[in-house]
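Reminder that position 24 of the sequence shown reads as 23 in numbering that gives the first Met the number 0, one-by-one numbering, no gaps.
Where a beta carbon is used, it is the ideal one built from N, C-alpha and C, also for glycine.
Report on one structure; see the data block that follows.
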Amino acid sequence: MKTQVICFANNKGGSGKSTTCANVGYGLTQLGKKVLLIDGDMQLNLSLSFFTDDEVLEYAQGTDNLYHAIRNQKDLKNYIIHTPYENLDMIPSSTLMSSIEYELFTKWQREFILKKCLSSIIESEAYDYILIDAPPTLGGWVMNILCASDKVIIPVEATPWGLFGLGNMFEFLEQVKQMSPDLEVMGTVVTKVDTRKNYFKQTFESLRDLEDIHVFETYIRVDSSVEWSQDNNMPIMAYRRSSRSAQEYMALTEEIVNRK
Ligand SMILES: Nc1ncnc2c1ncn2[C@@H]1O[C@H](COP(=O)(O)OP(=O)(O)O)[C@@H](O)[C@H]1O
Ligand SMILES: [Mg+2]
0 MKTQVICFAN NKGGSGKSTT CANVGYGLTQ LGKKVLLIDG DMQLNLSLSF
50 FTDDEVLEYA QGTDNLYHAI RNQKDLKNYI IHTPYENLDM IPSSTLMSSI
100 EYELFTKWQR EFILKKCLSS IIESEAYDYI LIDAPPTLGG WVMNILCASD
150 KVIIPVEATP WGLFGLGNMF EFLEQVKQMS PDLEVMGTVV TKVDTRKNYF
200 KQTFESLRDL EDIHVFETYI RVDSSVEWSQ DNNMPIMAYR RSSRSAQEYM
250 ALTEEIVNRK
């Protein structure tokens, strides 16, 4: 099967990008898929979902990370590390990702650096899926992430401010499509739903009103086991398989796999 590249993006921070990326990544391995995760954010949250703080900082402060690969336009296959889980690999991030915009600025075809650095991994068909966690910005680096992706999933937090700014995201996606016309918006996924409150219904209604944008059936509810799993640097399905959110993330993963 051809490798599918999916990124998780939304310019709003705290919308559940990193949590969704980590758990869908692990979920895919449970469906027998081989997965490479790319941590595109200087906050290192995707890396922290699988490695201890010390391990993450060691990668982040060294040279074997995404920042150095992009800066020097290196083949990313030499930057892959194994997570503790079978069929789940990662390219870790760096705290220096904060200056990646500056590094990209002077480069030829600067929107396509990540795509070029990923090309040999994709051609090798070593992975079924490559999932990229984007930072909460809309600039040249997120442009790179989107231009390297076949599909984008937009996690949206079910709060009044969760939808604020989403218009900017869609405008940005239109710009990206001019450079990368095959990019597909796979859908929005509603996260951090508190079913004790009614507000989340409003989020669904607003998202369903958007023309041509799919809303995933599965939504993710607020669950403190998600936070505990992150505190233990583990995906929720590995930390507490029987938890509600483990089941929700598995359902979302299946929806993603089955969506054409
Ligand atoms: N289902 C959930 N239940 C409880 N807390 C969650 C859930 N999903 C995410 N969070 C918490 O919300 C915060 C933001 O999530 P995160 O995935 O880091 O968002 P983003 O990457 O978009 O900034 C994190 O502190 C995370 O622990
Ligand atoms: Mg994040």
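Report yes if the C-beta distance between A237 and Y84 is below 8 Å; otherwise report no. Against a cut-off of 8 Å, the Cβ pair of Y84 and A237 comes out as a contact.
7 Å CB neighbourhood of P234 in its chain, flanking five on each side removed: For P234, same chain residues with a beta-carbon under 7 Å away, outside a window of 5 residues either side, are A21, N22, Y25, S48 and S228 in chain order.
Buried or exposed: which applies to Q3, given that a residue is buried once 16 or more other Cβ atoms fall within 10 Å of its Cβ? By the neighbour-count rule (16 or more Cβ atoms within 10 Å), Q3 is buried.
Pair within 8 Å by beta-carbon distance, Y126 and L35: L35 is positioned such that its CB atom lies closer than 8 Å to that of Y126.
Quick check: what's the CA-CA separation for M142 versus E247? Going from the Cα of M142 to the Cα of E247 covers about 30 Å.
Indicate, with yes or no, if ligand 1 has a heavy atom lying under 7 Å from the CB of K191. Answer for K191: yes, Cβ within range of ligand 1.
Q42 CB to nearest heavy atom of ligand 2 below 7 Å: Within the cutoff, so yes.
Reduced DSSP secondary structure (H/G/I, E/B, other) of T105: Coil.
Could you tell me which of L113, D52 and T82 sits nearest to H67, measuring between CA atoms? For the set L113, D52 and T82, the Cα lying nearest the Cα of H67 is the one of L113.
Measure the C-alpha to C-alpha separation of E254 and D63 and round it to an integer number of angstroms. In a straight line, the C-alpha of E254 is about 34 Å away from that of D63.
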